[in-house]
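Participant: Next up is a structure, given as structure tokens.
Numbering (the numbering used here), first residue to last: 1259 to 1795.
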């Protein structure tokens, strides 16, 4: 790989990509002032105007101008259009502001799908056309010039404001007027320009792109080299966008909180009853906290659902406090009846994400139940092998995809497959195989997990909810230190679920905390008067 030709430029380019780099002072990106970084449109401004993939599927001619307002489809009512735009901005703002690890990713089209086949056909047709033009006598450089123009725009968009020397060099090396003159005289050296572009990309790319660029250095065909350059440039653009989002994360989060609260207040001013469902939701949460927890009489260790310290912090019988009620309310959302239309108004924007978390929770409940039952029959020696446990988890997860629609059939398949794996693994390890009675009992217990009232499944479900409650009170990492029994084999999955749940509830609480505070004043005991302000969980 050619070494950087200018001191500091490679580091600056790698910082811009946001991978294995140190943040610049002040958290500013691409030369923006602190005032401008607080505006949501700045995120869009960092996205280069065109995608390299567009050049692959399009013609050599410049793209047509944007359609006029009359040509665009959408709501004809200006108010409806404004509402739709505000909702979309709110969703994006909410998604970025609440997820600290948010990254934009290129849409991957399955190659065997119709869209994938059409896209591949169009790309191949374009690059074949370019190859024919360059191979003609005399060569036709019309498409090549358009590609070089777009490459120049992308390279310039990847530069930081302080990289004036590189900017000047790119402007001179890819001067389109000069290149057009050379093309008219048949003297445009496309391979030489491609190598120059490749060297410039080496200076600007993130370390994670080094391998791809090294492979391109060995490509001799000019058409294939240009195609590879466009593919890597697309990744570099995405690196820059994601770095910008991460740099602006604190500003985006604060903006998102203020924006969502302001829009909700506008709606509340027009509809004073807008918090009725939210009030009912919190009232039920307060009532749930005064009820004794349910136990499963068939499980001898069911009292351990409460868990030892620090899990006792989540179930400590104290006078109701706002944070306790709010935590219980968030947990109740994971058990929400789909037929109940009185969903809290303050969480409507998060309803889809909550449903996804609920689905993930149910899958983990069944998975942990299967592992618990299987472990009780196969013994600690077999389940002491991480390789066996991982294999059993992969098999079970793949077979549970249809569990929601066909639980009995799914668990029948799971029971048969799990029993076979246990039998084969015991045999491979030289251990005694399960007897026919134990095998039949194992299959029967696994099939019973399909029933909602199954005791093993109920206890595991309670324990996962207890873990999530601890996450809200103590944080994810502290909660992982003392997992309730039966959950240790799904620790990684629980950590992911817990972090998503905490991020969602924390952001919601930051936005709607003032409204929750007023509602909770009427629900908590007088002894908690000093705690009327809802604080961060």
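The beta-carbon is built from N, C-alpha and C at its ideal position, and this holds for glycine as well. These numbers come from a predicted model, not from an experiment.
Around the C-beta of residue 1756, are 16 or more other C-beta atoms found within 10 angstroms, so that it is buried, or is it exposed?
Facilitator: Buried, since its Cβ has 16 or more Cβ neighbours within 10 Å.
Participant: Quick check: the region 1485-1495 against the region 1404-1421, are there 3 or more CB pairs under 8 Å?
Facilitator: yes
Participant: Applying the 10 Å Cβ sphere with the 16-neighbour rule, what's the burial state of residue 1534?
Facilitator: By the 10 Å Cβ count, residue 1534 comes out exposed.
Participant: Compute the Euclidean distance between the alpha carbons of residue 1588 and residue 1624, then round it to the nearest angstrom.
Facilitator: 22 Å
Participant: Just the Cα atoms here: how many angstroms apart are residue 1741 and residue 1421?
Facilitator: 51 Å
Participant: Tell whether a beta-carbon distance below 8 Å holds between residue 1591 and residue 1777.
Facilitator: no
Participant: Per DSSP, what kind of secondary structure is residue 1534 in: helix, strand or coil?
Facilitator: Here residue 1534 sits in helix by DSSP.
Participant: Taking the alpha-carbon of residue 1496 as reference, which of 1727, 1506 and 1463 has the nearest alpha-carbon?
Facilitator: Among 1727, 1506 and 1463, the Cα nearest to that of residue 1496 belongs to 1463.
Participant: Compare the Cα-Cα distances from residue 1651 to each of 1461, 1632, 1724 and 1639 and report the closest residue.
Facilitator: 1632
Participant: Between the beta-carbon of residue 1747 and the beta-carbon of residue 1668, is there less than 8 Å?
Facilitator: no
Participant: Taking just the CA atoms, how far does residue 1470 sit from residue 1586?
Facilitator: 50 Å
Participant: How should residue 1780 be labelled, buried or exposed, when 16 other C-beta atoms within 10 angstroms of its C-beta is the threshold for buried?
Facilitator: exposed
Participant: Grab the span of the alpha helix (DSSP H) containing residue 1381 for me, first residue to last.
Facilitator: Where residue 1381 is concerned, the enclosing alpha helix (DSSP H) stretches over 1372-1393.
Participant: Between the Cα of residue 1580 and the Cα atoms of 1418, 1762 and 1543, which residue gives the shortest distance?
Facilitator: Answer by Cα proximity: 1543.
Participant: Spatial neighbours of residue 1681 within its chain, please: C-beta separation below 6 Å, excluding the five flanking residues on both sides.
Facilitator: 1691
Participant: Put residue 1662 into one of helix, strand or coil per three-state DSSP.
Facilitator: coil
Participant: Nearest to residue 1413 by CA position, among 1405, 1428, 1423 and 1401, is which residue?
Facilitator: 1428
Participant: Helix, strand or coil: how does DSSP classify residue 1737 here?
Facilitator: helix
Participant: Just mark residue 1774 as buried or exposed, buried being the case when its beta carbon has 16 or more other beta carbons within 10 Å.
Facilitator: buried
Participant: Please list, in chain order, all residues of the same chain as residue 1481 whose beta carbon is under 6 Å from its beta carbon, the five residues on each side excluded.
Facilitator: If we look at residue 1481 and ignore the five residues flanking it on each side, its Cβ neighbours are 1385, 1388 and 1389.
Participant: Since residue 1500 is in the alpha helix (DSSP H), which residue starts that stretch and which ends it?
Facilitator: 1480-1505
Participant: Alpha carbon to alpha carbon, what distance is there between residue 1617 and residue 1725?
Facilitator: Those two C-alpha atoms are separated by around 16 Å.
Participant: Would you kindly work out how many angstroms separate the C-alpha atoms of residue 1798 and residue 1602, rounded to a whole number?
Facilitator: Nothing about residue 1798 can be reported from this structure: the residues present for the chain run from 1259 to 1795 only.
Participant: Taking the continuous alpha helix (DSSP H) assigned at residue 1467, which residues delimit it?
Facilitator: Where residue 1467 is concerned, there is no enclosing alpha helix (DSSP H), given that its DSSP letter is neither H nor E.
Participant: Work out the CA separation of residue 1735 and residue 1565 for me, nearest whole Å.
Facilitator: Unreliable positioning characterises residue 1565 in this predicted model, as indicated by a pLDDT of 40, which lies under 50. A coordinate reading is not provided.
Participant: With a 10 Å radius around its C-beta and 16 neighbouring C-beta atoms as the bar for buried, classify residue 1379 as buried or exposed.
Facilitator: exposed
Participant: For residue 1445, which three-state DSSP category applies?
Facilitator: Looking at residue 1445 - three-state DSSP - the assignment turns out to be coil, as it is neither helix nor strand.
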